[in-house]
Every structure is written in structure tokens, then in C-alpha cells.
Amino acid sequence: MAEEDLPQVLAIEKASFTTPWGRWAFLVELKPPGYAFVYEEEGRILGYAVMRIVEDEGHLMNLSVAPPWRKRGIGSDLLRFCIEFCLHKGVSSLWLEVRESNEAAISLYQKMGFAVKGRRKSYYQDTGEDALLMGLSLPRKILQEAKVKAVRTMGPLCILELSLQSEIPFEPGQFVMIEAPGRPLMRPLSIFGLEKKMLKLLLRPVGTGTRALVEVHTGQTLRVLLPLGKGYPMPQGRQKAWLLAGGMGIASLFPLALKLSRKGIPVRLLWGARNSSWFPAPLLWQLTEKSISLELITEDGSMGRKGLITEVLPKEWENATVYACGPKEMMKRILSIIPPHVKVYVSLEERMACGVGACQACVLSGRGGNKLVCRDGPVFEREEIGDSLS
Amino acid sequence: MDLGSGHIDQALPSFETLRTKFAHHELTQRAGLLIGKALFARGDYKKAIEALLIGTSSPIKEIRGEALCWLGKAYWRVGEEEKAIGAFERAASQGGEIAALAYVEIGNIKAEAGQREEAQSAYREALKLTQDQALRARIEKLLEFTREEL
């Protein structure tokens, strides 16, 4: 928010509250420890949020959406943005007060993970109403400034190499949230490789965020939050591993294949894609390691077997642990084909905003209640997700 | 020279001294390979290229071949395909196992450029140069992948 935004902001404020903030109140919050953000569409301000951050504690002071634009998710987007901003600032808890009678706002805050932590008696001077004090604990993940080392485009795919500030251990299947230059929200991407301080991400530039990521230049600094989520568990006993990758699903299964191979666990990797351009030779070379049996499947038959990965699945699944990552339709089909007694782990790709379970944007309704793909996954055992892919 | 994690920065000044005072000494060339590999590992590809180029002047065939191979990889990382192929071709001319690996890299670059016949030809050259069964199996797999639709 800038000073020139204030006429529009004040109009929304006046239309929203019985005791609206004045110009001076907003001006004070335009510099740290105050932070103010506007939601804008085509130059028109539709909503705003104001917060303060002191040490590791954040306080949401004001959030409002212009009356005609309510119930369109703008409030949720603003709140998500504030949560993400807090994560970047290393905030460990975010607090707010809300009128006890404001059920819509309370519901939104609860949806985002806030819980009632207390009550402030007669907080609002106009009506003498109590305020509910709501708080959200934010997990402390490691936010790093990562330096771009190389961007290699290979057919429709691209490998982004970044140098981290410090070494971080990771499990295959975990992911990062990475800043896409010029975009407001960070993007979730599977960790394709992480050795010492070198982070590798495999991406396919199709959306505005991923396109912005492949246009970065060497030496540019990007913020990265990692490592996030839960990775793939190792197979039990003498089980062999079956890895089923659909298209970009290889991004999370590639490091798993290498890890299993280096542990001497036999790996059979089926990688299906539209055509041969999806299989860059340098990646194939790495996947030819001794204990990896790699099979390629293309829809047009331009490399490997022709067809879909779900059409070439084996009949025998004894002593196998299956790991799958790919488009939703492929995953659904795989789960319906593989016998129920076979252990199957799937990595689900859902739209995420914060990546740490704070914003509740990636809820998965499964057996045993709702789960968050970013926090409880992205790797789930088949039983955990039930029929939520349907 | 200890180039383990975090030690490359300590080693660089010594390398600079070597490079300045004993530019053509075999020890400097050997150091060029070691420093180049360490710089490569942390993604400093342009600096790695500078160091590896020194290693490529080594009179020792093995050092020279290895430096050329890493040089090719570094060039590829920074998008210099032609220079990468040039370095790999020189590495291939050194003979031995390193030559086989260099041909594999040439094959990979060709395959990625959609030149499957050239890729196959490079993989076949690699097969001729190695008796290592594990490496042969990996190369044969690449040949199999690039075989179709020729």
C-alpha cells in the first residue's frame, strides 16, 4: 500500500466499519514495523490488509474487502499473502482480534488455521462488544536466499540449479516453495536434487510462475523455503521398488530412484510422457544406474513403448512397494489397478499457497478426516487418501 | 590441497599464486583440475571453466582427459553446446575409459538436440572404448532408448 492508495482504501474502510480508521492511522502503518498490502485489479483497489511485525510476532491489524467484491476469495487471498509474508519474515505466531459477532470473519480465520486463544473484554468502544483473540502458530522452516547457478532447458523441461546459503538434508518427495520473480505467491516444486548446497528443481514452463522461473539469470537471488512436506518412506524388508512417473511426476521420483539404487534396492521405473522430448538424455543417463530398470512409455510411440503408463502396468506385484507421482487421472487409475494388499505411496500435486499447512489451501478430504497436502503429504499411503482422488 | 566442503575458498588463493607464478607447471595443471571440479560441484561453472582450461594443458593424459571431460560438462551447464562438444571430442581423443564417457556425453547432447543417428553413433563409439560391463550396460540402455524411429 502506498500513500496514493489511501483515498480508495479509506472509502472501503468507511463502507466496512462503524468506527473506521482515519488517514493518519493508515499512514503510520506504511513503514516498519507496519506492513500494508492492497488487493488490486486493473488499478482498482478491492481490498487491503494491514499488519505489524515485532521480533517474531505478527499482528493482523486490519483486513477488509470492498462490499461489492466480498465472497469472491479476495479476503482469503489477502490473508494467505499475509501468512506467507510472515513466514518470509521468520514470524513464529500471527495474532488478530475479531468481533465476536463477525461470524464470516471468524470462519475465514478458522479455515486458515487460526484458533481462538483468548477474549478481550469490551474491546470495541462503539458497541462494548468483546473481541476474540485468535492466533496462528507458524512452523519455522528455513528460508534461504538462493543464487541461480544455471538454467538448462531440455525440450519441454528445464532444470534450475540454485546454490543455497547452507547445507540442508532432504528426503525424496519433499518440496520447496520458491519465489517466482514478479509473482506475488511462491510456487511449490518438488526437490529434484539437493547435494550439499546445490538445489536442483525440474520444471515445465507452462504457467506464469514457472515461465518467470525459467527466465531468471545466473547470479539472480531467489527466496526458497525448504525442505517442506513428508518424503517417501523406504521399502520394508527385501521389497523391490516400483516407481511410476507420469510426465512431471519424475521430478519427485528421480531423487527417490537414485537413493534406492544407491542403497542397492532394485528399482523398476516406468516413466510415461506425451512424446520423446520429455526424456532428456542427460536424465536418462543418470537413470541407467545399475539397479534401476528404466522403461519409457510415450503416448505417440516416439520413444519406448507406445501407450499410457496405466496400460503397461505389470500383473505381478508380489514383494513390491509402489511409488507413484503424476496427473490425477493416472493416479486414480493406478490405485484402482494395483491390488489392495500392495503398499502404494502416492505424491499428490495440489495448488499450495503457503506450503507449511498454515493457509489450508490444499485440503484433501480422506479417511480419518481432512489432511493438508503440503503438511501431511505430499506423499501419502494409499489408505490415507481413501477415495479423495475421485 | 583439501577441497572438501567449505575448503575451496581457502584453496583458491593458493591456486591463484600457483597460476601466477608457475602457470605452466604440471602441479598447477593438476590443481586446475581439482579446483575446477570443486567449483563445478558448487555450481560456479564459469570459474570452473577457467580452472579446468588450465588442467587441459597437462602433459599427463589422464589429467588432461579428465579436465576436458569436466570442461565439457561445465560448458554444457552454461549453455555452450558447441564448446562442450569440442571439449568432449578432445577428451575422447585421449583414449581409455574417459574417452568412453566423453562419447556418452556427446551422444547425450546429440540426442537432446533430436539427432538420434549422431547420438547412436557416439554411443557405439563409447561401447568400443570400454570393457567395464556396468558402463557397457548403461550405454546399451541409451542405445536402446534412442534406437526407435531411426
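Protein sequence lines, in the order shown, are assigned to chains R and S.
FYI, in the numbering used here the residues of the first sequence are 1 to 390.
FYI, in the numbering used here the residues of the second sequence are 391 to 540.
Ideal Cβ placement from N, Cα and C applies to all residues, glycine included.
As the structure is a prediction and not an experimental result, all values here were calculated from the model.
Under 7 angstroms by beta carbon: chain S residues contacting residue i
{"i": "Glu420 (chain R)", "result": "Outside the modelled stretch of chain R, which goes from 1 to 390, sits residue 420 (chain R), for which no answer is possible."}
Beta carbon proximity, residue i to chain R, threshold 8 angstroms
{"i": "Leu540 (chain S)", "result": "Legend: pLDDT at Leu540 (chain S) = 38, less than 50; position of this residue unreliable, value from coordinates given subsequently. False, the Cβ-Cβ gap to chain R never drops below 8 angstroms."}
{"i": "Ala512 (chain S)", "result": "no"}
{"i": "Phe535 (chain S)", "result": "yes"}
{"i": "Lys531 (chain S)", "result": "yes"}
{"i": "Ala509 (chain S)", "result": "yes"}
{"i": "Thr520 (chain S)", "result": "no"}
Proximity test, Cβ basis, 8 angstroms: residue i and chain S
{"i": "Trp317 (chain R)", "result": "no"}
{"i": "Met303 (chain R)", "result": "yes"}
{"i": "Thr210 (chain R)", "result": "no"}
Beta-carbon neighbours of residue i, restricted to chain S and to distances below 8 angstroms
{"i": "Lys111 (chain R)", "result": "In chain order: nothing, as chain S lies at least about 41 angstroms away."}
{"i": "Trp285 (chain R)", "result": "Val494, Asn498, Arg528 and Leu532"}
Where residue i meets chain R, residues with beta-carbon distance less than 8 angstroms
{"i": "Glu502 (chain S)", "result": "Met154, Gly155, Pro280, Ala281 and Pro282"}
{"i": "Arg409 (chain S)", "result": "Under the 8 angstroms cutoff, chain R gives no residues; its nearest Cβ is about 23 angstroms from Arg409 (chain S)."}
{"i": "Ala524 (chain S)", "result": "Lys290"}
First through last residue of the beta strand (DSSP E) which encompasses residue i
{"i": "Met248 (chain R)", "result": "Unbroken run through Met248 (chain R): none, as it is neither H nor E."}
{"i": "Pro7 (chain R)", "result": "Where Pro7 (chain R) is concerned, there is no enclosing beta strand (DSSP E), although the alpha helix (DSSP H) it sits in stretches over Leu6 to Ser16."}
{"i": "Lys196 (chain R)", "result": "That residue, Lys196 (chain R), is in no beta strand (DSSP E); it is neither H nor E in DSSP."}
{"i": "Gly58 (chain R)", "result": "Glu57 to Val65"}
{"i": "Leu225 (chain R)", "result": "Thr221 to Leu228"}
{"i": "Trp95 (chain R)", "result": "Ser93 to Arg99"}
{"i": "Met134 (chain R)", "result": "Ala131 to Ser137"}
{"i": "Gly47 (chain R)", "result": "Arg44 to Val54"}
{"i": "Leu270 (chain R)", "result": "Val267 to Ala273"}
{"i": "Met154 (chain R)", "result": "Ile142 to Met154"}
{"i": "Gly34 (chain R)", "result": "Gly34 to Glu41"}
{"i": "Pro418 (chain R)", "result": "Not covered by the structure: residue 418 (chain R). The range shown for chain R is 1 to 390."}
{"i": "Arg204 (chain R)", "result": "Premise fails: Arg204 (chain R) is in no beta strand (DSSP E) and is neither H nor E."}
{"i": "Thr298 (chain R)", "result": "Ile292 to Thr298"}
Boundaries (first-last residue) of the alpha helix (DSSP H) holding residue i
{"i": "Thr208 (chain R)", "result": "Thr208 to Val214"}
{"i": "Phe478 (chain S)", "result": "Glu471 to Ala482"}
{"i": "Phe405 (chain S)", "result": "Ile398 to Lys411"}
{"i": "Phe26 (chain R)", "result": "Arg23 to Val28"}
{"i": "Thr536 (chain S)", "result": "Gln523 to Arg537"}
{"i": "Leu87 (chain R)", "result": "Ile74 to His88"}
{"i": "Gly445 (chain S)", "result": "Tyr435 to Gly445"}
{"i": "Gly455 (chain S)", "result": "Lys451 to Arg467"}
{"i": "Leu308 (chain R)", "result": "No alpha helix (DSSP H) holds Leu308 (chain R); DSSP gives it neither H nor E."}
{"i": "Thr418 (chain S)", "result": "Glu416 to Ala431"}
Under 9 angstroms by beta carbon: chain S residues contacting residue i
{"i": "Leu294 (chain R)", "result": "Lys531 and Phe535"}
Residue i CB to nearest heavy atom of the ligand HEM below 7 angstroms
{"i": "Lys371 (chain R)", "result": "Absence of the ligand HEM from the depicted structure is noted, as is the absence of any ligand whatsoever, leaving it without description."}
Legend entry - Residues within the region 431 to 450 of chain S neighbouring chain R, beta-carbon criterion of under 9 angstroms: Ala431, Arg432, Gly433, Asp434, Tyr435 and Lys436
Legend entry - the region 250 to 259 of chain R / the region 187 to 205 of chain R touching (three or more Cβ pairs under 8 angstroms): yes
Inset, instruction - Closer than 7 angstroms, Cβ to Cβ, to anything on chain S: give me those residues from the region 130 to 150 of chain R, in chain order. - result: Lys149 and Ala150
Legend entry - Segment contact, 8 angstroms Cβ cut-off, at least three pairs: the region 152 to 161 of chain R with the region 271 to 291 of chain R: yes
Inset, instruction - Mind checking the region 464 to 476 of chain S against chain R and listing, in chain order, the residues whose C-beta falls within less than 9 angstroms of any C-beta there? - result: Trp466, Arg467, Val468 and Gly469
Inset, instruction - Inspect the CB distances between the region 35 to 50 of chain R and the region 111 to 124 of chain R and report whether three or more fall short of 8 angstroms. - result: no
Inset, instruction - Say whether the region 175 to 185 of chain R touches the region 514 to 531 of chain S, bearing in mind that this needs 3 or more beta-carbon pairs closer than 8 angstroms, one atom from each stretch. - result: no
Inset, instruction - Spell out a yes or no on whether the region 372 to 383 of chain R and the region 401 to 413 of chain S are touching, meaning 3 or more CB-CB pairs, one atom from each, closer than 8 angstroms. - result: no
Legend entry - Segment contact flag, the region 6 to 23 of chain R with the region 63 to 74 of chain R, C-beta cutoff 8 angstroms, min 3 pairs: yes
Inset, instruction - Spell out a yes or no on whether the region 227 to 247 of chain R and the region 320 to 330 of chain R are touching, meaning 3 or more CB-CB pairs, one atom from each, closer than 8 angstroms. - result: yes
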